[in-house]
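Novice: Handing you a structure now.
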């Protein structure tokens, strides 16, 4: 949980109801149709990934914002970073 | 022809050249999209064409590239300098002229330079593939519309679009409905734009002649072939992501992505969306009429 990630590409985040769409700005034709759907917590974590916070620090922010225990939040954040692995890179 | 005006999905394009070496000969598919004049209070997309040599692109870097065509020819790429974009494309005609089309995503006026390699008296069509569809796409996005791979049909005063990848039945369902008296707007490519409070389906110029057509949009259906007819309504991000996957987009410009997402989200809020699993025979007509009746009850 001491990993630090940063975003590879700039993305557009669009809220629709209680959910969000994330569209990366593509730099080649293969990625031109990428689109991710996120729930509110996913969008919250996405905004916190900034190249300086560790995953453990982001987990603490998630716990402070949402009604969730540390074990569940840690599991969720690892699942989330796996889901968006093409959009982020570890530093 | 040194100047002409097009009306595509109620977006006006003013195409002109003051280069003595260039004249225009639009393709047959554009004849019904020609306009005599630009209506008052309408800002056209200006497309200025000149002949020249390859311009200096020192400050530009390639930000988006396409693979070669199946026969190994270069198609197009997008370059950017942080402010402006340049579409560098190759006409697929006998001369394979290079084209440099400069634009800014805030207004999408186009400054086109054709590298004619020294040839004189060039007759050209700026809307020829690959430049034309790309000009239409970006100009549509900047005007709060979308361009979508879909067939569009007006049936019983309701407008339907049927989105699907090749082979899922876009043309088949349009043909079935047409045989029962429905009007087909187009069976492959459409533009959807909001006019006043309503989204309108428009056809676009194709490689063949067709009249300019439009109809209000009421249903956005995502096709799947199936042994029986079934409709699954869809809302929110699921509808948006489905419609988005059938929209033409290149996603290199934040501004154009934002415009497209806003438009798609608004369409999915105002229009009935869902998956239409269908068996390709005439029973689908009654099935669609029932969906329509249930919606209007």
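Protein chains in written order, with our numbering: chain A, 3 to 93; chain B, 22 to 318.
Beta carbons are placed, not taken as given, at the ideal position from N, Cα and C, and that holds for glycine.
If you're wondering where the values come from, they're calculated on a predicted model, not measured in any experiment.
1. By a C-beta neighbour count over all protein chains shown, 10 Å radius and 16 as the cutoff for buried, is residue 68 of chain A buried or exposed?
2. Under a three-way DSSP split, which group does residue 263 of chain B fall into?
3. Using CA coordinates, which residue listed in A/7, A/19, A/90 and A/59 is at the minimum distance from residue 283 of chain B?
4. Does the separation of the CB atoms of residue 69 of chain B and residue 133 of chain B fall below 8 Å?
5. At what residue ranges does the segment 183-269 of chain B contain a whole run of the alpha helix (DSSP H), taking only runs of 4 or more?
6. Just checking: is the beta-carbon of residue 7 of chain B within a distance shorter than 8 Å of some beta-carbon in chain A?
7. For residue 5 of chain A, count neighbouring C-beta atoms within 10 Å of its own C-beta (all shown protein chains included) and say buried if the count is 16 or more, exposed if not.
8. Taking a Cβ distance cut-off of 7 Å, strictly less, list which residues of the segment 268-301 of chain B are near chain A, in chain order.
9. Quick one: what does DSSP say residue 76 of chain A is sitting in, helix, strand or coil?
10. Any Cβ of chain B within less than 8 Å of the Cβ of residue 9 of chain A?
11. Let me see if you follow: with CB-CB separation under 8 Å, is residue 19 of chain A close to chain B or not?
12. Quick one: list the residues of chain A neighbouring residue 124 of chain B, beta-carbon separation under 9 Å, in chain order.
13. Kindly list the residues whose CB is nearer than 6 Å to the CB of residue 228 of chain B, restricted to its own chain and excluding five residues on each side of it in sequence; keep chain order.
14. Please list the residues of the segment 236-261 of chain B that have a C-beta atom closer than 7 Å to any C-beta atom in chain A, keeping them in chain order.
15. From residue 50 of chain A to residue 60 of chain A, what does the alpha carbon distance come to, in whole angstroms?
16. If distances are taken between C-alpha atoms only, which option among B/141, B/109, B/292 and B/264 comes closest to residue 83 of chain B?
17. Out of B/211, B/181, B/175 and B/182, which has the shortest C-alpha to C-alpha gap to residue 202 of chain B?
18. Count Cβ pairs between the segment 122-136 of chain B and the segment 93-110 of chain B that sit closer than 8 Å; are there 3 or more?
19. For the pair the segment 163-177 of chain B and the segment 187-196 of chain B, tell me if three or more CB-CB distances fall below 8 Å.
20. By the 10 Å Cβ neighbour count, where 16 or more other Cβ atoms means buried, how is residue 104 of chain B classified, buried or exposed?
21. Can you list the residues of chain B that residue 37 of chain A reaches, using a CB-CB cut of under 8 Å?
22. For residue 228 of chain B, return the contacting residues in chain C, with the cut-off set at a CB-CB distance below 9 Å.
23. I'd like the span of the beta strand (DSSP E) that includes residue 66 of chain A, first residue to last.
24. When you compare only the Cα positions, how much space is there between residue 184 of chain B and residue 243 of chain B?
25. Take the Cβ of residue 166 of chain B as the centre, count every other Cβ of all protein chains shown within 10 Å, and call the residue buried at 16 or more, exposed below.
26. Using a 10 Å radius around the Cβ and a threshold of 16 neighbouring Cβ atoms, would you call residue 73 of chain A buried or exposed?
27. Does chain A have any CB closer than 8 Å to the CB of residue 85 of chain B?
28. Identify every residue that forms a DSSP beta bridge with residue 294 of chain B.
Specialist: Concretely, from the data shown:
1. Taking the first residue of the first chain as position 1, residue 68 of chain A is located at position 66. So residue 68 of chain A counts as exposed.
2. For the purposes of this step, residue 263 of chain B is taken as residue 242 along the second chain, with counting starting at 1. Three-state result, residue 263 of chain B: helix.
3. For the purposes of this step, residue 283 of chain B is taken as the residue at position 262 of the second chain. Cα-wise, what sits closest to residue 283 of chain B is A/19.
4. Taking the first residue of the second chain as 1, we reach residue 69 of chain B at position 48. Taking the first residue of the second chain as 1, we reach residue 133 of chain B at position 112. Yes; because the gap between Cβ atoms is below 8 Å, this pair is in contact.
5. 191-200 and 257-266
6. For residue 7 of chain B there is no data in the structure shown, the boundaries of chain B being 22 and 318.
7. By one-based count along the first chain, residue 5 of chain A stands at place 3. By the 10 Å Cβ count, residue 5 of chain A comes out exposed.
8. 270, 271, 272, 273, 275, 278, 279, 282 and 286
9. Locating residue 76 of chain A in the first chain gives position 74, where the first residue counts as 1. It is helical.
10. Looking up residue 9 of chain A in the first chain gives position 7. No, no contact with chain B.
11. Start at 1 with the first residue of the first chain, and residue 19 of chain A comes out as number 17. Yes, residue 19 of chain A lies at the interface with chain B (some Cβ there is under 8 Å from its Cβ).
12. Stepping through the second chain from its first residue, residue 124 of chain B is reached at position 103. The premise fails here: residue 124 of chain B is roughly 17 Å from chain A at the closest Cβ pair, so nothing lies under 9 Å.
13. By one-based count along the second chain, residue 228 of chain B stands at place 207. Hits under 6 Å: 50.
14. 257, 258 and 261
15. Locating residue 50 of chain A in the first chain gives position 48, counting from the first residue. Locating residue 60 of chain A in the first chain gives position 58, counting from the first residue. Approximately 7 Å between the Cα atoms of the pair.
16. Sequence index remark: in the second chain, residue 83 of chain B carries index 62 (1-based). Among B/141, B/109, B/292 and B/264, the Cα nearest to that of residue 83 of chain B is on B/109.
17. The count along the second chain starts at 1 and reaches residue 202 of chain B at position 181. The shortest Cα separation from residue 202 of chain B among B/211, B/181, B/175 and B/182 belongs to B/175.
18. yes
19. yes
20. In the second chain, the residue the question calls residue 104 of chain B occupies position 83. Result: exposed.
21. Residue numbering aside, residue 37 of chain A sits at position 35 when the first chain is read from its first letter. Going along chain B in sequence order, the residues near residue 37 of chain A (Cβ under 8 Å) are 262, 265 and 266.
22. You won't find chain C in this structure, because its protein chains are A and B.
23. In the first chain, the residue the question calls residue 66 of chain A occupies position 64. Note, residue 66 of chain A: premise wrong, no beta strand (DSSP E); alpha helix (DSSP H) at 57-67.
24. Position 163 of the second chain, counting from 1, holds the residue named residue 184 of chain B. Position 222 of the second chain, counting from 1, holds the residue named residue 243 of chain B. Their Cα atoms are separated by approximately 5 Å.
25. If you number the second chain from 1, residue 166 of chain B lands on position 145. Looking at its Cβ environment, which holds 16 or more other Cβ atoms inside 10 Å, residue 166 of chain B is buried.
26. Here residue 73 of chain A refers to the residue found at position 71 when the first chain is read from its first residue. Result: exposed.
27. Here residue 85 of chain B refers to the residue found at position 64 of the second chain. For residue 85 of chain B, the answer is yes, since a Cβ of chain A falls inside 8 Å of its Cβ.
28. The sequence position of residue 294 of chain B within the second chain is 273, counting from 1. Residue 294 of chain B is bridged to B/241 and B/255.
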